[in-house]
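So the sequence shown is numbered by our numbering: it starts at 418 and just counts up by one. We put the CB at the ideal spot given by N, CA and C, even for glycine. Reviewing the structure listed below.
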Amino acid sequence: MKQVPVLLVDAFTTTPGKGNRAGVVLDASGLTEPEMQAVAALVGVSETAFMIPAPDGAGYELEVRYFTPAAEVPICGHATIASHFVRSRRIGLDNGTVTVKTGAGVLPVDIVTEGKNRKIIMTQGRVSLSPPYGEEDRELILSALGLSERDLAEGLPVTEASTGHSKVMVPIRSVETLDALEPNMDVLAGVSKRIGCNGFFVFAFNGEGDPCLTSGRMFAPAIGVDEDPVTGNGNGPCGAYLSSHGVLPDVPLHAYLGRQGVAMGKEGVIEVTVQRKDGAPVLIQVGGTAVEAGAMTVELQMDDSGHILARAVS
């Protein structure tokens, strides 16, 4: 029998109950993969991060594994922000860089503290942009989302973008349409299997005077997350997509803000930084703050058939 302390941390916000909640296990060195999955399923948030100290000579400081309630994923933006926010506070690291092994590669995570403001900056993985979907797949995607061709933003394709974990970019004309979306999650999960991509980032541009360039929503029912409130793995690829399609300035470094979670009552804001070289995006960073929102203890034990059972004991 094992007892696992889990912190509940809201990323991309300073207000508990807003932003995107992640579970965080600060030391998961004694847990097996099935045990991590059982903990994540019980915690029930979109992702739980399991931090594992690196062995001597590993070339990185930490390994972090990310689990949705249904499956392990290579990387997760908001859970990275959440986990490094609480870890850096616990160990007294106000400014510095942590080298982290993830399913998307070994990546740096920066901690920057100015006064009482602690910000975590995550350098994402290799930028990859796919050709636009053909008409048949595009129509399947739009239909599952409850959209039509006339809802799409002019001149921008429906396509995949990745900074370590690919997402389908769906640019639409209006924030009002975005906020009213009610996708068919079962159909959308089926589309995910067909195209081999489990996340759909639907976004629109905000009006002039809004501090945030974009508003977005992320749907990933194929991995047990109908809607993810505020996600770095949606906004980061979106930055690469916008840069590659000429929406962002052709300068070496450009940062903007993206808003997400409004329709769920969990508004949060992500800072997206795009580095360009030779006319193309080459590196994406996402940053934000977080706030501790609670804690729980999960008890694990194995039943007679060898299955891992998890229950909350506090």
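Between the C-alpha atoms of Ser505 and Pro433 there is a straight-line separation of about 19 Å. Of the candidates Thr431, Val421, Gln420, Gly461, Thr431 places its Cα closest to the Cα of Glu684. Here Asp643 is exposed: its Cβ has fewer than 16 other Cβ atoms, across all protein chains shown, within 10 Å.
Of the residues assessed, Val456 falls on the buried side of the cut-off, its CB having 16 or more other CB atoms within 10 angstroms. For Met453, the secondary structure class from DSSP, reduced to helix, strand or coil, is helix. Rounded to the nearest angstrom, the Cβ distance from Leu717 to Glu452 is 5 Å, consistent with a contact under 8 Å. Here the segment 468-487 makes contact with the segment 443-450; the two share three or more CB pairs at distances below 8 Å.
Taking the Cα positions, Val619 is about 13 Å away from Leu605. In the three-state DSSP reduction, Gly704 falls in the strand class (E or B).
For Val679, the CB contacts under 8 Å within the same chain, skipping 5 residues up- and downstream, are Asp596, Ser632 in chain order.
As the crow flies, the alpha-carbon of Cys629 is around 19 Å from that of Asp645. Glu531 and Asn512 have their C-alpha atoms spaced approximately 9 Å apart. Straight-line measurement puts the Cα of Ala578 at about 17 Å from the Cα of Val608. Comparing alpha-carbon positions, the option among His582, Ala561, Val517 lying closest to Arg543 turns out to be His582. Following the DSSP letters along the chain, one finds Pro654 inside the alpha helix (DSSP H) bounded by residues 649-661. When the five nearest sequence neighbours on each side are left out, no beta carbon in the same chain lies closer than 7 Å to the beta carbon of Lys694. Distances from the alpha-carbon of Glu553 to those of Thr690, Thr576, Leu546, Lys536 put Thr576 closest. Arg507 is classed as exposed because its beta carbon has fewer than 16 other beta carbons within 10 Å across all chains shown. Secondary structure at His671: strand, using DSSP grouped into helix, strand and coil.
Comparing C-alpha distances from Gly705 to each of Asn652, Pro422, Pro491 shows the shortest one belongs to Asn652. Under the criterion of beta carbons closer than 8 Å, Val647 and Ala428 qualify as touching, at roughly 7 Å. Minimum Cα-Cα distance from Gly461 among the listed residues Ala487, Gly656, Ala710 corresponds to Ala487. Contiguous alpha helix (DSSP H) elements confined to the segment 517-605 occur at 552-562, 592-597, taking only those with 4 or more residues. Collapsing the DSSP output to three states places Pro491 in coil. Excluding five sequence positions before and after Val585, the CB atoms of its chain that fall closer than 6 Å to its own CB belong to Glu577, Cys614, Phe617, given in chain order. Annotation for Tyr483: the continuous beta strand (DSSP E) segment containing it runs 479-484. With respect to the C-alpha of Thr514, the residue from His724, Tyr477, Phe484, Ala727 having the closest C-alpha is Tyr477.
Here Met635 carries a strand assignment [DSSP, helix/strand/coil]. Across the structure, Leu598 and Ile492 are spaced so that their CA atoms are roughly 26 Å apart. Per DSSP, Phe620 is one residue of the beta strand (DSSP E) stretching across 617-622. Note on Ala672: under 16 other CB atoms within 10 angstroms of its CB, so exposed under the neighbour-count rule.
Here DSSP, grouped into helix, strand and coil, assigns Met468 to strand.
With a beta-carbon spacing of about 6 Å, Ala657 and Thr580 fall inside the 8 Å limit used to define contacts.
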